[in-house]
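Novice: The listed protein sequences correspond, in order, to chains A and B.
Using this note's numbering, the first residue of the first sequence is number 489, and each one after it goes up by one.
Using this note's numbering, the first residue of the second sequence is number 2, and each one after it goes up by one.
Built from N, CA and C at the ideal position, the CB exists for glycine as well.
Structure provided below as structure tokens; questions to follow.
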Amino acid sequence: VDGWGSKLKENKIEPILWDLKVALLEADVALPVVEEIEEEVKDNLLNKKIGRKYSIEDVIETALKNAVKKALDLETIDLYDFIKNTEKPVSIMFVGVNGTGKTTTIAKISHNLIKKNYSCVLAASDTFRAGALEQLQVHANRLGVKLIKHSKGSDPAAVGYDAVEHARARRKDVVLIDTAGRMQTNTNLMDEMKKIKRVVEPDLIIFVGDALAGNDAVDQAQKFNEAVGIDGVILSKIDADAKGGSALSIGHAVGKPILFVGTGEGYDDLEHFDSDWMTDRLFG
Amino acid sequence: KLKDGLQNAMKKVANASHIDKNLVSEVVKDVQRAMIESDMNVNLALELTQKLKERALTEKPPAGMTSKEHVIKIIYEEFVNILGDGVELKLRPQTIMMVGLYGMGKTTTCGKLGAYFQKRGLNTALVAGDTHRPAAYEQLEQVAEDAGVPIYGSPGESRAPKVVREGLEKFKEYDVVIIDTSGRHSLQDELIKEIKRIRKVAQPDEVILTIDASVGQQAGPQAEAFHDAVGVTKTIITKIDGSAKGGGALSAVAATDAPVVFVGTGERIRDLEKFDPKRFISRLLG
Ligand SMILES: Nc1nc2c(ncn2[C@@H]2O[C@H](COP(=O)(O)OP(=O)(O)OP(=O)(O)O)[C@@H](O)[C@H]2O)c(=O)[nH]1
Ligand SMILES: Nc1nc2c(ncn2[C@@H]2O[C@H](COP(=O)(O)OP(=O)(O)OP(=O)(O)O)[C@@H](O)[C@H]2O)c(=O)[nH]1
Ligand SMILES: [Mg+2]
Ligand SMILES: [Mg+2]
């Protein structure tokens, strides 16, 4: 059988790696990340001796899967443990580009917190977009939680600040701050986000990314991380058949853990991110 | 780093006094890398790479054109062939149905399109056909106000086809009616059934797929699913004011044959521009 007892040479590795590369690209793993992982795998395998019971294909695939798993297995935060162990009120700010699912994700997390007997306050710090206040108000009403909002066009930082003060005064446990979607290339809006952070001083900043996004996910995560520092990532819309390779790209690019994936529009459609599950999904 | 793609390739071509096999391979390799990095469907990128190579090696440059100009011309031709070149929405009475994945910019684009037609002398109205998303009606209502057009919706009603039928009845004297629908994806059987029902009620002259420039490998398959369900006739690519290259959107167009008519360049009503294929392609390829 091809490979038994032989050494791995570049020309043997290349074609097998090619197929695996294409699989990762088709799963929306960013090209630069695929290439870096490929280099890593090649360095590990070049001139390695293959044991008698393995095929070249198996050895290479295993090496690639391990490299992928390594990029995904970042030191993670258990959100609920963090909340449990942090002085109340715990404030969490949600950021990301337009339409990724920030507002809906906040509703889901709020729902889960309530199930765990925490009290929540929502902050409507998207004071710009049409219907943003109304959208979050609907969620607040359904969840039975307080929404702190000012008028449309008001200062997002002031809303966040107010919400934290309100939570402190009323002994509420968690403040979830919804912010407006913004392009990472829009300097004014990135500055506005920095100001919200400066004024509110959130305990956690969570980047909400769209699992449907391709290579741009890396630039998004990097720019948001540079601007305000991301503590964790939530990837939404993975139910749209998106393989979610951006989980790997983002993890690799900013080294921040994926906390959850969004699997639908309902309040229960939020699942813990699992790197084994992701690795299977990427190679499946 | 992303900028290297076509600029690099073109430098190689420009510096060559003739086109030789190795140069073509190198140029095409650079273009392929740029295509994949732009989120183009991998198979489509590989397919196009083959085509580019074949054409560059077998076609003689037309009279008066250098080989290097010819290679550039081939690349643009193949892309324009997919995307469409200067296709416009006609300024005439019509019903338009907006469809697409979650969060792509459908509702915002309804307002932009509404203002576009209204400004050009066509009495335009919007119908709030999204009966699922929280405060979808309120969002479209504010968008319509900014656009200066009337809106019909039925906030308590969950049956979208019913709302659409009522809206079309109310606006039957209007020239252009634009129907907003909720986000959905191909795996949601009930929602695919719904959009088919809405289409049946609306009998739209145009079905516009709104796609975000940042969507990756799912753009093609999802566009195909929308096309199979309701027949997409035009495409609008949104959020090109970001850094996304739009290769996924191009793949969506390849799957539907629905030419791009507009691009979304921001969140305001005025942030709608006629599609410029040359600009889009050069941006995609770097
Ligand atoms: N299928 C699916 N849809 C989702 C998921 N998360 C959010 N959505 C939908 O995506 C659309 C956008 O969600 P929002 O919560 O408004 O996104 P956002 O990031 O707050 O948007 P902006 O505030 O406009 O930037 C809505 O229709 C949501 O229902 C998910 O995990 N799966
Ligand atoms: N920067 C930018 N933002 C845009 C553009 N088009 C829409 N948006 C923003 O993208 C987000 C989503 O837009 P919506 O119009 O709610 O998207 P949708 O497709 O109707 O979303 P669903 O109905 O939930 O599926 C909002 O924050 C919009 O302001 C654009 O061209 N550029
Ligand atoms: Mg929002
Ligand atoms: Mg909408």
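What residues come near ligand 4, if near means a beta carbon less than 5 Å from any of its heavy atoms?
Specialist: This selection yields B:K107, B:T108.
Novice: Could you give the distance in angstroms between the alpha-carbon of V652 of chain A and the alpha-carbon of C608 of chain A?
Specialist: Between V652 of chain A and C608 of chain A, the C-alpha separation is close to 11 Å.
Novice: CB-CB under 7 Å to G232 of chain B, same chain, minus the five flanking residues each way: which ones, in chain order?
Specialist: The residues are V208.
Novice: Do you know offhand how far V489 of chain A's Cα is from Y542 of chain A's?
Specialist: Residue placement at V489 of chain A cannot be trusted, given a pLDDT of 37 that sits under 50; the coordinates are not used to answer.
Novice: May I ask you to verify whether the stretch 536-553 of chain A touches the stretch 602-619 of chain A, counting CB pairs closer than 8 Å and requiring at least 3?
Specialist: Counting Cβ pairs under 8 Å, fewer than three are found: no touch.
Novice: By Cβ distance below 8 Å, which residues in the same chain neighbour V578 of chain A in space, the five residues on each side in sequence not counted?
Specialist: F570, I571, D661, V662, V663, D691, L692, listed in sequence order.
Novice: Three-state secondary structure (DSSP) at L114 of chain B?
Specialist: Helix.
Novice: So, does the CB of Q119 of chain B fall closer than 8 Å to a CB anywhere in chain A?
Specialist: Q119 of chain B does not count as touching chain A.
Novice: Rounded to whole angstroms, what is the Cα-Cα separation between I152 of chain B and K171 of chain B?
Specialist: About 10 Å.
Novice: Could you name the residues of chain A that A136 of chain B contacts, counting a contact when the two beta carbons are closer than 7 Å?
Specialist: Chain A residues near A136 of chain B: G619, E622, Q623, V626.
Novice: By the 10 Å Cβ neighbour count, where 16 or more other Cβ atoms means buried, how is Y138 of chain B classified, buried or exposed?
Specialist: Its Cβ being crowded by 16 or more others within 10 Å, Y138 of chain B is buried.
Novice: Taking Cβ positions only, does T751 of chain A come closer than 8 Å to chain B?
Specialist: It does not: the Cβ of T751 of chain A has no partner Cβ on chain B nearer than 8 Å.
Novice: Any C-beta of chain B within less than 8 Å: which residues of the stretch 564-598 of chain A qualify?
Specialist: The stretch 564-598 of chain A vs chain B, Cβ under 8 Å: V585, N586, G587, T588, G589.
Novice: Going by Cα to Cα distance, which pick from A:A595, A:L505, A:D707, A:S613 is closest to I525 of chain A?
Specialist: Of the listed residues, the one whose Cα sits closest to I525 of chain A is A:L505.
Novice: Please compile the residues from chain A whose C-beta is within a distance smaller than 9 Å of the C-beta of K240 of chain B.
Specialist: V585, N586, G587, M671, listed in chain order.
Novice: Please list, in chain order, the chain B residues whose beta carbon lies closer than 9 Å to that of V716 of chain A.
Specialist: In chain order: nothing, as chain B lies at least about 18 Å away.
Novice: Taking 7 Å as the cut-off, is the C-beta of K235 of chain B nearer than that to any heavy atom in ligand 2?
Specialist: No, the beta carbon of K235 of chain B sits no closer than 7 Å to any heavy atom of ligand 2.
Novice: Ignoring anything shorter than 3 residues, give me the beta strand (DSSP E) runs that lie fully in the stretch 182-258 of chain B, in order along the chain.
Specialist: Whole beta strand (DSSP E) segments, 3+ residues: 207-213, 235-239.
Novice: Taking the alpha carbon of I179 of chain B as the point to measure from, which residue in B:L90, B:V72, B:F227 has its own alpha carbon closest?
Specialist: Among B:L90, B:V72, B:F227, the Cα nearest to that of I179 of chain B belongs to B:L90.
Novice: Are the C-beta atoms of D666 of chain A and some chain B residue less than 8 Å apart?
Specialist: False, the Cβ-Cβ gap to chain B never drops below 8 Å.
Novice: Against L513 of chain A, what residues of chain B qualify as contacts under a CB-to-CB distance less than 7 Å, listed in chain order?
Specialist: Simply I37, V43.
Novice: Given a threshold of 16 other Cβ atoms within 10 Å of its Cβ, counted over all protein chains shown, does Y568 of chain A qualify as buried or as exposed?
Specialist: Per the 10 Å Cβ criterion, exposed.
Novice: Does the separation of the CB atoms of A145 of chain B and G115 of chain B fall below 8 Å?
Specialist: Yes, they are a contact pair.
Novice: So if I threshold CB-CB distances at 8 Å, which residues from the stretch 178-210 of chain B count as touching chain A?
Specialist: Those residues of the stretch 178-210 of chain B that come within reach of chain A (Cβ to Cβ, closer than 8 Å) are H186, S187, L188.
Novice: Taking 8 Å as the limit between beta carbons, can you name the residues of its chain near L141 of chain B, skipping five residues before and five after?
Specialist: For L141 of chain B, where only same-chain residues beyond five positions count, the Cβ hits under 8 Å are T108, C111, G112, L127, A129, D131, I152, G154, D181.
Novice: Whole angstroms are fine: how far does the CA of L286 of chain B sit from the CA of K4 of chain B?
Specialist: Its pLDDT being 48, under 50, K4 of chain B is placed unreliably in this model, and the coordinates cannot settle the point.
Novice: With DSSP as the reference, label I594 of chain A as helix, strand or coil.
Specialist: In this structure, I594 of chain A counts as helix in the three-state DSSP scheme.
Novice: Could you spell out the range, first to last residue, of the beta strand (DSSP E) harbouring M581 of chain A?
Specialist: Element bounds for M581 of chain A: 578-583.
Novice: Span of the alpha helix (DSSP H) holding F570 of chain A?
Specialist: Segment 567-573, the alpha helix (DSSP H) holding F570 of chain A.
Novice: On the criterion of 16 or more Cβ atoms from any shown chain inside 10 Å, does K54 of chain B qualify as buried, or is it exposed?
Specialist: So K54 of chain B ends up on the buried side.
Novice: Give the residues of chain B in contact with L700 of chain A, contact being defined as C-beta atoms less than 7 Å apart.
Specialist: Simply L102, V216, G217, Q219.
Novice: From N499 of chain A to H71 of chain B, what distance separates their C-alpha atoms?
Specialist: Distance between the alpha carbons of N499 of chain A and H71 of chain B: 35 Å.
Novice: Going by other Cβ atoms of all chains shown within 10 Å of its Cβ, with 16 needed for buried, is P278 of chain B buried or exposed?
Specialist: Buried.
Novice: Leaving out five residues on either side along the sequence, give the residues of the same chain with a beta carbon under 8 Å from the beta carbon of L534 of chain A.
Specialist: Excluding residues within five positions, the ones whose Cβ falls inside 8 Å are L496, K497, E498, I501.
Novice: So, is W492 of chain A buried or exposed, given that buried needs 16 or more other C-beta atoms within 10 angstroms?
Specialist: Note on W492 of chain A: pLDDT 48, under 50, position unreliable in the model; the coordinate value appears next. That one is exposed.
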